[in-house]
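Just so you know, we're using our numbering here: the sequence shown kicks off at 2 and counts up by one. Note that the Cβ used here is the ideal one computed from N, Cα and C, for glycine as well. Comments concern the structure below.
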Amino acid sequence: MSIKQKILFYFSVVTIVMVGAAFFFIYMLFYEYRAEDFHQQQKEKIINTLKFLTKIEEIDEELISAMDRITINDVYAQKLFIFDKDKNLLYSRLDHKPTDLTKNILSRLSSLKTKVEQKSGRYDVLGIYVEQDGEVFYGISNAYDLPGYHKLNYLKYILFLTFMIIVLVVIFMSYYLSKKITNPIVALTRQIKDFNFESKYEPIAVMDGRKNEVAVLGQRFNELMQRMNEAFSFQKNAVHHISHELKTPIAVLVSNFERIEKEVDINKIKFLIKDQKEDTENLSKIINSLLEIAKTESGNTPKLSRIRIDELIFDLVDELNVLYPDFQFSIKYSESIEDESKLTIFANLRLLKASLSNMMINCIQYSVDNLATIVITPVNKRLQIDFINNGPVINENERQYIYGRYFRGENSKGKRGFGLGLVFIKKILTMHDGTISYVANEEANSNKFTITLPLN
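Shown next, in the form of structure tokens:
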């Protein structure tokens, strides 16, 4: 059963049952009221008749009979009996004779039990004990409440007709409301059913409204599908990106292993294994950088943290000194910096660390005197970091290609690497709204790479 059908069924049933119960309660109240009201009329009739009899000493039987015929008692088909204190019959309407029912009620009446009510079919029987002018009388009335039952039947007809009209209205309104309530759910279900997981991700349309449960459901579905799409995109892009980027480095490693396999000179083999070790370490760094970059490119916002750039550089220097103990970095500040905020940036620590580490390794590999200088300069709202080393410069006609994949200039001959370092450095800096530039001093045979990053 669909939600629409459930709303239609449950709302209709509950409403109809409640209305039916209310109408039945009204009918029963009127039913009890009719009996109570008619008994009161019977009691008044008995008392009035008794007063009439006690005030007239000589009664013309023919006159009384005529009065009986023209009174409303004929309409009620009433039988009325008056008895004295010894329960002897004093008066009866239209020569009616006491029946067994009348005698039974008369026997139950006394000064202790002054009223007896009983039903005989659709007739109401009432017996009362009356004290009139110091004398005791018993009155019994047996009558059919024609006007009362007529009103009761009329009320039953009206209630039934009204109930049927309400049933039709309730069913119609239930159908209309269930359709109106479920239309957004049906529309959302249709969109989800027709959602193509293989095509380009497009969020399903949802209505506005923070308190609308259907809109919230649609928004949560869009958020879920966006995350799934990002996960699929990351998986797809990461595999494609990493396989593309690692194709050449792996080919180089395989080629090196083939050279080692063919080499017979032990010293030469040791030398080649050392180079292979460096290439493998570089490849490991490339893979880590690729994974971080792929995560960001797939739509995942990199986790940013406050980083004091000089402290990060000092940490990297300590790490590199373990691998390259003969190399020295000179870290300088272009001015006296007392405000810590001029050295603090918001960045992803792993990405930024990989970028600066690659830049510093380049300084080590392309330096001819085992020295490099790092100059830190706050400039307006950006932080400038210069990496300066002495060594072969990049030819002017090659400088436009230095950020291309696998490009290696004339100055890289005899150096280990895959031509991907500057590619990843620029990508990582671009993710952080940073820049990188290169300036060569051919006369001094000096290279300077300048990185800028936005301050906190």
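Starting from residue i and walking both ways along the beta strand (DSSP E), at which residues does that stretch end?
i, result
"A441", "436-442"
"Q329", "329-334"
"P379", "372-380"
"T453", "447-455"
"S306", "306-309"
"K98", "No beta strand (DSSP E) holds K98; DSSP gives it neither H nor E."
"N143", "136-144"
"N89", "Looking at the DSSP string, N89 is not in any beta strand (DSSP E), and its letter there is neither H nor E."
"L127", "124-133"
"D387", "383-391"
Give every residue of the same chain whose Cβ lies closer than 6 Å to the Cβ of residue i, excluding the five residues on either side of it in the sequence, and list them in chain order.
i, result
"F12", "S175"
"Q227", "none"
"S179", "K5, I8, L9"
"T436", "T453"
"E58", "Residue placement at E58 cannot be trusted, given a pLDDT of 49 that sits under 50; what the coordinates show is reported in the next sentence. Taken in chain order, the list of residues that qualify is empty."
"N371", "D327, F328"
Out of curiosity, what's the CA-to-CA distance linking residue i and residue j?
i, j, result
"I332", "E262", "43 Å"
"L357", "N391", "18 Å"
"V458", "D340", "Nothing about residue 458 can be read from this structure; the chain reaches only from 2 to 457."
"Q329", "I310", "19 Å"
"D38", "G149", "9 Å"
"V14", "K120", "36 Å"
"K278", "G219", "53 Å"
"L456", "E399", "32 Å"
"E397", "V318", "30 Å"
"V76", "L147", "With a pLDDT of 44 at V76, under the threshold of 50, the predicted position of this residue should be treated as unreliable, though the coordinate-derived value follows. Roughly 7 Å between the two C-alpha positions."
"I377", "E224", "42 Å"
"V217", "K7", "22 Å"
"L81", "M165", "42 Å"
"F161", "L51", "42 Å"
"Q192", "V168", "35 Å"
"L273", "R260", "8 Å"
"V255", "E320", "29 Å"
"E33", "V131", "25 Å"
"V187", "H151", "52 Å"
"R221", "Y177", "28 Å"
"T525", "R35", "Examination of residue 525 is not possible in this model, given that the chain is present from 2 through 457 alone."
"D134", "D101", "29 Å"
"K269", "N257", "12 Å"
"L421", "I267", "With a pLDDT of 48 at L421, under the threshold of 50, the modelled position of this residue cannot be trusted, and the question is left open."
"P185", "K194", "14 Å"
"V265", "K271", "11 Å"
"N105", "E136", "22 Å"
"K98", "S112", "24 Å"
"D276", "L423", "20 Å"
"L430", "T451", "11 Å"
Hey, residue i and residue j: beta-carbon distance below 8 Å or not?
i, j, result
"F84", "Y139", "yes"
"I386", "I395", "no"
"I159", "L107", "no"
"S447", "I389", "yes"
"L305", "F347", "yes"
"K5", "T190", "no"
"V117", "R123", "no"
"V440", "K428", "no"
"I338", "P379", "yes"
"F31", "L153", "yes"
"F103", "N143", "Going by the sequence as given, residue 103 is Thr instead of Phe. Cβ distance < 8 Å, so T103 and N143 count as in contact."
"I308", "T345", "yes"
Could you spell out the range, first to last residue, of the alpha helix (DSSP H) harbouring residue i?
i, result
"T190", "147-194"
"K120", "Not the alpha helix (DSSP H): K120 falls in the beta strand (DSSP E), residues 116-121."
"L352", "350-366"
For residue i, collect the residues of the same chain with a Cβ closer than 8 Å to its Cβ; drop the 5 residues on either side in sequence, then sort them by chain order.
i, result
"L91", "L54, I83, F84, D85, F138"
"I73", "Low confidence applies here, because I73 scores a pLDDT of 46, under 50, leaving its location unreliable and the question unanswered by this model."
"A373", "F328, Q329, F330, S331, M361, C364, I365, F388, I389, N390"
"P326", "none"
"E443", "V394"
Quick one: what's got a C-beta closer than 7 Å to residue i's C-beta in the same chain, skipping five residues either side?
i, result
"V171", "S13, T16, I17"
"V369", "N391, G392"
"Y28", "L156, K157, L160"
"G21", "F164"
"K88", "L107, Y139"
"T115", "I129, Y130"
Could you check whether the Cβ of residue i sits closer than 8 Å to any Cβ belonging to chain C?
i, result
"R228", "Annotation note: the requested chain C is absent from the structure, which comprises a single protein chain."
### Cβ contact (3+ pairs, closer than 8 Å) linking the stretch 126-137 and the stretch 40-52
yes
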